[in-house]
Each structure stands twice: as C-alpha cells, then as structure tokens.
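For the protein sequence lines, the chains are A and B, in the order given. The first sequence runs 1 to 393 under my numbering. The second sequence runs 394 to 1046 under my numbering. We put the beta carbon where it would ideally sit given N, CA and C, even for glycine. In what follows, a single structure is set out as structure tokens and then discussed.
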Amino acid sequence: MIKSYHEPLTFDQIKAGEGLKAALKMTRSEVIKAISDSGMRGRGGAGFPTGVKWNLCAAAAAPEKFVVCNADEGEPGTFKDRVLLAEYSDKVFEGMTIAGYAIGAKEGIIYLRAEYMYLRAELEAALAKRREDKLLGDKIKGAKEFSFDIRIQMGSGAYVCGEETALIESLEGHRGEPRNRPPFPVDTGFKGCPTSVNNVETFAWATCILAKGPKWFKELGTEKSAGLKLFSVSGDCDQPGIYEFPMGITVADLLVAVGGEGAKAVQIGGASGHCVPYWEFDRKICFEDVATGGSIIVFDFDRDMLEVAMNFMEFFCEESCGQCTPCRDGNSAILEGLEMLEEGVCSQSYLKELCELGETMQLASKCGLGQSSPNAFLSIVKNFKDELLGRGE
Amino acid sequence: MAETKKTKATKAASTTGGVDTASNRAPKSQKAHVVNVGDEGGIGGKVSVTIDGKEIKVPLGTTILKAAEQMGIKIPTLCAHQDLCAAGLCRVCVVEVEGQYRLQASCAYPVTSPIKVHTHTRKVRKARRHIIDLMLRNHYGECYACVRNNNCELQTLAKEYGVDFFRFGRPAEPMFDIDSSSHSVIRDMNKCVLCRRCVRTCIDLQEVGVLEAINKGEDTEIGTFADKPLADVVCINCGQCINRCPTGALRANDPTDDVWNAIDDPTKHVVIQTAPAPRAAIGECFGLPAGNPLTFEMNTALRQCGFDKVFDTNFTADLTIIEEGTELIQRLYTALVAKKPVALPQFTSCSPGWVKYLEHFYPEYVPNLSSAKSPQQMFGAVIKTYYAQKAGIDPKDIVTVALMPCSAKKYECNRPEMTDSGFKDVDYGLTTRELAKMIKEAGIDLPACDKSDFDDPFGTATGSGVIFGATGGVMEAALRTVIELVCGIKVEDIFEHADIIPVRGMEGVKYAEIKIPKVGPVPPILSGLIKDWKWLDGVTVKVAVAHGTANAKKVMENIKAGGQLAGCHFIEFMGCPGGCIGGGGQPIPTSPAIREARARAIYAEDSAYPVRKSHENPAVLELYTNFFTEGPCSHKSHKLLHTHYTKRGKYIA
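Right under this line is the structure:
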C-alpha cells in the first residue's frame, strides 16, 4: 500500500475513466499541451519531459505508432511500479489510452518484468473489464474515431531491458541490447514505427493530470521537477515502503517520514544513482539536484560502504548487456579494484585511475546503463574514501 | 544473332559485397540507423559538419566517421568494417560533439543538423585509451605467437595510443579452450575483444547465423548453438569471419607444418595445384597493392620451397566445364526431349562453402547440385591416378597440396567421400595467407622472383579456368564452351573478345538470357552422348549468378516461391562475396575495393591467355583421349570426377 503525505492518496481521488473522459473532450494537441503544461518529467528516472516525448511522437508521420509501458522495473531498490500495477492498474491503462489518443497510436504494449508474472492474470482481468466498459477496444466511449487496445508482453529478465531501445529490441524478439541513438524511439521505435516508451508511473500521473488539470500538478514540486512522485524506500529505516511525496523533498525530511533519521548515507536512484552522505542530507530529491526513478536505500552507520559499493558493482558486472566495451569490461575492472581495496592491495593512484575509468564509462558507454553504472562507486569513493582505504592486514 | 538480356533478378539484388540493409537479419542494436534520405542531394539535401575546425557538406544522415573519411581525418575504429553494418559498440571511435556532454560513436552517429565535432580532445583521447586498456584486460595471448602478429587491429591501436603497460591488468591464463574441431576455422576466444564483426559477418553478410553473442555482462562471449564445437553446427566453413576478425581470435586451420614435413620427406613426391584467386592476391602479403597478380613468380617460389611439381588448378577448372557442361546438356535433354522429371536449374558445385550451405539450408535441392567435383577435388583424383600412372610414381607416395583462396576447401578435401583415387585425393588445403608465410619462411622475396611456367603434363590452362576466381567466371567459362560446342560458331561472333559482360561484376544476383541462334554439328568429344542439337535450336538459355550466401539465399527463396529464377537452366553460386577472390583464405584485410582490384587482375590475366576456352585446352583433350576414353560423364569419369552430397538439414553437421 502506498503511504502519502496527505489523505486521501491522489490515485484514490480519481474515478476510473475520469482522466480519459477529460482527454477525449480535448483535441490531441490539447492533451499534449496539458501534459507539457503540467511540467511532468519521465518517472522512470531519466526525467525526459513527457509532453515533449508525446509531441515528438505525435508529430512523426507514420501509419502506425505504438505506446509502450515500461514495466520492467529492475532498478535495485525500486518496487513502486509493482504496487502501482497491483493496486492502481486502471490508472496506468488509462494513461496509456490517453497517450495513444494523444500520439495517434492504436496499440499499447505493457512490457512486464518477468518476475511480475504473478500479476498478469489480474492485469488481464482488469483489461477485460475496461474493454467491457468501452474504455478500451474499438471506438472507445466518448470518442468517434478512436480505437485503442493494450496487450501484455512478458520481459525476459535482463536489467538492460528497462532501457527503452533494449526494451524495444526485446519486444521484437531479439536479444535485449540498446540500439544506437539517434534516431530515438519517438521516431524509429517498435517495428520501426514512432513509439512512446513511458514508465508505469508516468502513465498513472498522466491520468491524474488530465482529471485534475495541469495546474494542480505544476504547482506541486519544484520549478523544474513538477508534481508528485512515488518513492520506494528500503534499507535501514523503521517504515520501509512506498511513499508519495512532492518532488524536491529534502533527504532529511524524507528520512523523518520513513523513520530513518541517523542514517550515514542514502542511495538515491538505485544502483545507478548517487550515494548522498549524511552531511549532505539537505539536498533535494529532484532533477535539479539529485534525481531518482524512485529508489531510496537508507544505510546506517553500521553499514560498510565498501561492501555497499561492491554489491552494486557485482550487480552491474552481471547486468551489463555486454555489448559495449566501457560498460562490459569497465564494471568488472572497478569491481576487481574494490576487491583489491578489501584486501588492502589497491593503491591510492590505482583508485584514482579507476575513478577516471568511471568517468570514461559515463562519457563513452552506449546507453544509460553503462553511463550511470559507475555513479554509486564514484560517489562512495568521493564521500567515504577513508572508509575504503586501509583495509587488509 | 543471339539476344542477351540482363535484368535485375530480384528486387533485393544488392550492389556490392552483398550487404543489403533492407533484408539483413542483425538486430537493430547491432546496426546504425541511417536516416534514409534518398540519393545524394535528394530530398534530404545536405548538411554542414565541422570536424576539427574544417567544414564539409555531406548528405543528411551521413555518419561522422564517413564525413571525416571524406575530409581525410582519421578516426580510429575497431568494430566498424566496410562490409558490415555499423554497430557502434566498441566505442573506440568516440568523438566530442559540441553541446553534448557525452561522447558519441562516430561510426553510428548520423549527422542530421549542423554540428561541430572534435576528434582528439583530451576527453576523447583518454576515453579511447581506457577502452583499449579494457580490451587488453581480456585479451589473452602473446603477439609473437599469434598468426596475426603485425596484421592485428588491436595491436595497431595499442601502438597508436601509446599503450606501454596493462593499466587494468591482463589475463594470466587462458579463459577458454581453443575450438579446433573444424577443418577450416579455429576459434580462440581468449583473443576475442567482442567487436562482433564475426557475428555480423555470419548473420548479415552471409546469412548463415552460426555465431552470436551469448550470456551477458562480463560473461558475454561469442558462442555457437548450445555452445557446440564449430564442427558440430551449421558452419559452412566460408571463413568470412576470419577475414573480418580484427585479432587472432579466428584463424584458419593451418596445415603448413604437415606440408613442410612432406616436402622434407625424401620418399614423398609433393605436388601443389594452385587456384586462380590466390595468385591475384598473394602480392598483398608482400606489400603490393591489391590487383597485382604474381602467377609465374609464385611458380618459381613454390619450386624453391621444395614442391616437386607445380600444377594449375585451372586445368581441372577446364575439366569441370566439360563435365559440368555435359551434365547440364544431359539434364536439358532429359527435360526437353525425353520429357522426364529432372532437377533443374542445375547448380554449380565448385564452391564448398556454397555446397555445405545448400546441404544445411536447402537440403531438398541437393539433386540440383552438379555432381561434378570441384576443380580442386578433380585434380586430386587425376593426380593420384592419371598423373601417377604417367609419371610412374606409386600414388601412396604422392602428397597433393591445394593452394586455395578458401578455408572451406580444407573441409572439402577431408569429406569422407573424397577418396576416389583409392587415397585421400587432396591431402592438404593451403590458404593464400599460409603459402605467403611458407614463402617468407623460406626467405624468398616473392615479387622479385623470376617467372616460370606450370609443369607438364597439365601445362598452362585457359583463360576460362582463370576467371573461375571471380563471381560469374564459372558461368562465363561454361557459356563460352556451350555456345561453341552447340552453335558451331565462335563466341566472339556474339560477344566481343569473348567477354561475356552480363555475367561479370559485383552485383549480388545477376541474370542473363542467351538465345541459341543456330545449332552446329555435335563435336567428337560429345558424339557418344548426343546425336544432334536440333532440340536446342532457338532455345533461350537462362542463367543466373550469385555470390555470397546471402545472395544465394535470395536466389533460393526466389526459386522456392516459383519466381523468375525457377525458370533458369543453370545457376552459378559462390559462397563468398565476390567469388573466390573474396575467399576466407585470402589476405587480410578485405573490402569491396580490394575485391574489385583482385577481380580486375583475374580478368586481365584471362585476356592475356592465348587459349581462352575450356574445350580448346590441349591437355584436357589429351586426358579424354588417353584416360577418360569414354568421354565426359562416362563411367570412369563418374568414378573419379563426380561425387554425391548429403542432405544435412540443420541438425547434421
């Protein structure tokens, strides 16, 4: 269940079909304008403005377009999409339908994380119900010419498939590996058609924005990070779980709400995010400062930061798709360096070399996975260097 | 007069190298999206790009790398290859684009708006060095002990970027067993840097699909189906992957030690036959530009190396034309006169890569393959029977070596059915690269050698034999002979200088029709088989030529669908892009320009031969007079010069 800073939770305030009904009263470009005016940025973590993405997709000339819901929630420490799909799937389906209307797509695909297979039956039932209610399918209620349906395709278990081009590659039946960009999926996506790939949560908020108006959303959060956001909080705190907060909440305020005061550091944005030390807890969680797709992991003073870094790097060594050199081999070089630190045989200069390698990975990797995989390592080295050094006998 | 007509056989027929972006199968992740804007200066227009301060206008969608090439600015690459789609995965070619925080892979970045690019800023140089360091971290092996020493792209990069120590370490011990199961291709994955050029070669260029990346993360490796040894999967042994591997991870199965042993054994009579394509390319191993044939210099060098006799495979190429042409006439007779079912079109069988491809992917078409052996295998059988008898040497003491541009020939000579002489017909298949190594080992400067001719009793062959080395050559040779034998006229009466241009060139699939203008008397060599040619009078002979198995696939699919090519009488297939001159045993590197230069050398050589038609080869006629006395496709010729094939399908290696 989602805990909110206010009652009732936003998603409970809106009835099924409300957002869609509002959207269908508008023209396609008015819907896109509403999303743009709300200032919403992608809830998956990268923070690309949703309105811009939909607009690019709508503007692309093509006979066929697709809406894809990225439900391959794989970032360590994030589980908000799972709860959203389990408890508020209607909001997600409705957001996809609104997107389909806005960009001119007839088909929506949910790329569902393989581990969420257990949700599938319920989701299919919810889709069937929406079809029954004429909220999906041929000639949707309230629209003369608009037909839209949604199907579910199961993911195949790779973390990289959360990257939108790898996801599309996997949808097409290939090995999940990121494509070269440009062009972007809004231009050349699934089956070569313009495709809008959005996060589960982005669709849910789109429904709320249409129902409650863009102004409501825009006034929440910060200037460049509007609106509310779901956070998956785990780690060393009293009340782990899913929280709805406005964007821009400080780390300290968040820790108070989750019972995590006295933490040593907080990992924001999952394995690919940044590690914020206790002396920087006044930092704001938003795209201007420290961004996240929702994952918040709290570490108290008993946690060994070297172990934390190794844990993350082990994850990337396994989950790099193996396509580009910096990510495939860089992550294992860093992990090996961390093992050397553990044994006390890594020199300061080699650690510096590894940090420079991390920067190369950020600059030269093919996709967001490799570009962000050294983040945790680099921020832990920056903030907890003394804790890492001087190990072994 | 005969009419010739040349049309594009299929819509998908591609221009050079067999790369056709419309139909290739590689996942999009492994190819750059090129913005399709039509031809240069078309609707897309041009866009300005500034690289290192110099400005150039290029067609919209041109990659940064291509634009830089046009300006003479060098950007290092590794996973890029001219024959393959861009993958953008090694990241060696990264550059800085102004206004972008991250570096971009120049091979995969299409220019669609005016940009400013910097190719060697500190950020770029550092990133490239790190990437090379990371590749070396997983590259096991010593350069001294590597077949690609001094011809290795990784080694070159390491040198260019001043690698003077292993920054991120290097493997202390091998991580993989070397797969030497195949007669043709050896895989040493310890040296692999995962550029996936082999994968794209196998999937895209050849459309075979034996190799693919498996596992992920640091466990990523290039694997085969169920990680089986190469000999147990549907590999056709074409060796195109070897030619495109930047390191020594893929190499041919090298028999030179055995060949030297045979040469050094005084009881052995070591005979080498040399195919036409190696002579057009071997100069490249000695620093000459592509397109300088060293045919007669090579004869001298081979004798200096210690080979007892040097024969020209073209002799049996001519023999192949007679046997395969006769077989075609027999099939046509069965179809047109006897009106009995017979497998048509007839497919050529000289390319062992193509033969294995057909056996795996189109086994139902095995009856269409000519039963004539390839020139290599015909020669092996003739040497260990006719030549042995004539020279008075016990065939058990003869060692036959075949110099081929090909890795599949190594497999072919080891096929169990290739022992019709009572011995292994061809003992060793040697590639152009391996022979160059032997010549260097013997301290011979090949380009400086005196010229000398081939040995008797087979002598110098004809121009028809020579052009077997280029795509369309077998067809041209066959047509020259068929036209003359059937029509009783000179080829020159129809085609100027006997150059049958419609079947030449690097187009992926070529199609031609030739109407038989009149028929002549049946020549003596065929009089035992055919009474007259009346039944061929006025018939339009339809032929096609395909090179590279991706193009072969297009032809086969067209035939299966009952398309235009199903109506052909005879189709030449070559397993490799460009034909034998682009074979898997040829010097590395390869590119469309290099293959075209080699082809030009082949055609120039053909042009210079006094005898240019297989049926006029005096040594071939002598062989039929003295040995295969019952003529072509007779009982004896069937025993020694023909073979059979296996319907392998996808589960029998």
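Item: Please report whether the beta-carbon of serine 196 of chain A lies at a distance below 8 Å from any beta-carbon of chain B.; Value: no
Item: Cβ of alanine 364 of chain A less than 8 Å from any chain B Cβ?; Value: yes
Item: Identify, in the order they occur along the chain, each residue of the same chain with its Cβ nearer than 6 Å to the Cβ of leucine 297 of chain A, setting aside the five sequence neighbours on each side.; Value: A quick correction: the sequence has isoleucine, not leucine, at residue 297 of chain A. So the list reads Gly77, Ser234, Gly235 and Gln267, once near-sequence residues are dropped.
Item: Could you pull the start and end residues of the beta strand (DSSP E) that alanine 498 of chain B belongs to?; Value: 496-498
Item: By how many angstroms is the C-alpha of glutamine 633 of chain B removed from the C-alpha of cysteine 539 of chain B?; Value: 19 Å
Item: How many Å lie between alanine 645 of chain B and serine 800 of chain B at the Cα?; Value: 6 Å
Item: Here's the rule: buried if 16 or more other CB atoms are within 10 angstroms of the residue's CB, otherwise exposed. What is glycine 434 of chain B?; Value: Here glycine 434 of chain B scores only 45 on pLDDT, less than 50, and its place in the model should not be relied on; the value that follows carries that caveat. The residue in question, glycine 434 of chain B, is exposed, as its Cβ has fewer than 16 Cβ neighbours within 10 Å.
Item: Could you pull out every residue in the same chain whose Cβ sits closer than 6 Å to the Cβ of arginine 897 of chain B, ignoring the five residues on either side in sequence?; Value: Gly865
Item: Would the stretch 18-33 of chain A count as touching the stretch 197-215 of chain A if we require 3 or more Cβ pairs under 8 Å?; Value: yes
Item: To the nearest angstrom, how far is the alpha carbon of valine 932 of chain B from that of valine 867 of chain B?; Value: 21 Å
Item: State the Cα-Cα distance for the pair threonine 874 of chain B and glutamate 889 of chain B, rounded to the nearest angstrom.; Value: 15 Å
Item: In angstroms, rounded to a whole number, what distance separates the CA positions of valine 290 of chain A and valine 276 of chain A?; Value: 9 Å
Item: Here's a check: name, in chain order, each residue in its chain whose Cβ is nearer than 8 Å to the Cβ of cysteine 536 of chain B, leaving out the five neighbours to either side.; Value: Asn542, Cys545 and Gln548
Item: Taking C-alpha atoms, which residue in B:Leu1034, B:Glu720, B:Asp651 and B:Val938 lies nearest to methionine 899 of chain B?; Value: B:Val938
Item: Unbroken alpha helix (DSSP H) runs of length 4 or more, entirely within the stretch 961-1017 of chain B: which are they?; Value: 985-1001
Item: Nearest chain A C-beta to phenylalanine 561 of chain B closer than 8 Å, yes or no?; Value: yes
Item: For the stretch 594-620 of chain B, which residues have a CB atom closer than 8 Å to at least one CB atom of chain A, in sequence order?; Value: Glu605, Ala606, Asn608, Lys609, Gly610, Glu611, Asp612 and Thr613
Item: Between lysine 3 of chain A and isoleucine 285 of chain A, is the Cβ-Cβ spacing less than 8 Å?; Value: no
Item: For asparagine 646 of chain B, which of helix, strand or coil comes out of DSSP?; Value: coil
Item: Looking only at its own chain, which residues have a Cβ that is under 7 Å from the Cβ of threonine 505 of chain B, when we skip the five neighbours before and after it?; Value: Val428, Val440, Leu453 and Gly454
Item: By a C-beta neighbour count over all protein chains shown, 10 Å radius and 16 as the cutoff for buried, is isoleucine 635 of chain B buried or exposed?; Value: buried
Item: Could you confirm whether any beta carbon from chain A is found closer than 8 Å to the beta carbon of glycine 434 of chain B?; Value: Only weak support is given to the placement of glycine 434 of chain B: the predicted model assigns it a pLDDT of 45, under 50, and the value that follows is read from those uncertain coordinates. Not one chain A Cβ lies under 8 Å of glycine 434 of chain B.
Item: Run down chain B in chain order and give the residues with a C-beta less than 8 Å from the C-beta of alanine 158 of chain A.; Value: Lys609
Item: Is there a Cβ from chain A that is less than 8 Å from the Cβ of alanine 551 of chain B?; Value: no
Item: Quick one: complete beta strand (DSSP E) runs, 3+ long, within the stretch 453-503 of chain B?; Value: 487-490 and 496-498
Item: Taking its Cβ as the centre, do 16 or more other Cβ atoms sit within 10 Å of serine 920 of chain B, making it buried, or is it exposed?; Value: exposed
Item: Anyone know if the C-beta pair for glutamate 232 of chain A and phenylalanine 79 of chain A falls short of 8 Å?; Value: The sequence shown places serine at residue 232 of chain A, not glutamate. Closer than 8 Å, so yes.
Item: Report yes if the CB atom of glycine 684 of chain B is closer than 8 Å to the CB atom of arginine 484 of chain B, and no otherwise.; Value: no
Item: To the nearest angstrom, how far is it from the Cα of valine 430 of chain B to the Cα of valine 451 of chain B?; Value: Low confidence applies here, because valine 430 of chain B scores a pLDDT of 45, under 50, leaving its location unreliable; read the following figure in that light. If you take the alpha carbons of valine 430 of chain B and valine 451 of chain B, they lie about 12 Å apart.
Item: Once you ignore the five residues that flank isoleucine 923 of chain B on each side, which residues in its own chain have a CB closer than 8 Å to its CB?; Value: Ile722, Tyr726 and Val915
Item: Using DSSP with H/G/I as helix, E/B as strand and the rest coil, what is histidine 6 of chain A?; Value: coil
Item: From methionine 703 of chain B to leucine 695 of chain B, what does the alpha carbon distance come to, in whole angstroms?; Value: For the sequence presented, residue 703 of chain B should be read as valine rather than methionine. Going by the C-alpha atoms only, they are around 7 Å apart.
Item: Between glycine 155 of chain A and serine 89 of chain A, what straight-line distance do the alpha-carbon atoms span, to the nearest angstrom?; Value: 18 Å
Item: Leaving aside the five residues before and after valine 884 of chain B along the sequence, list all residues of the same chain whose C-beta is less than 8 Å from its C-beta, in chain order.; Value: Leu872, Arg873, Ile876, Glu877, Ala891, Ile893 and Lys1006
Item: If you reduce the DSSP assignment to three classes, tell me which class isoleucine 380 of chain A lands in.; Value: helix
Item: With burial defined as no fewer than 16 other Cβ atoms inside 10 Å of the residue's Cβ, what is the status of tryptophan 397 of chain A: buried or exposed?; Value: With chain A covering 1 to 393 only, the question about residue 397 of chain A has no answer from this structure.
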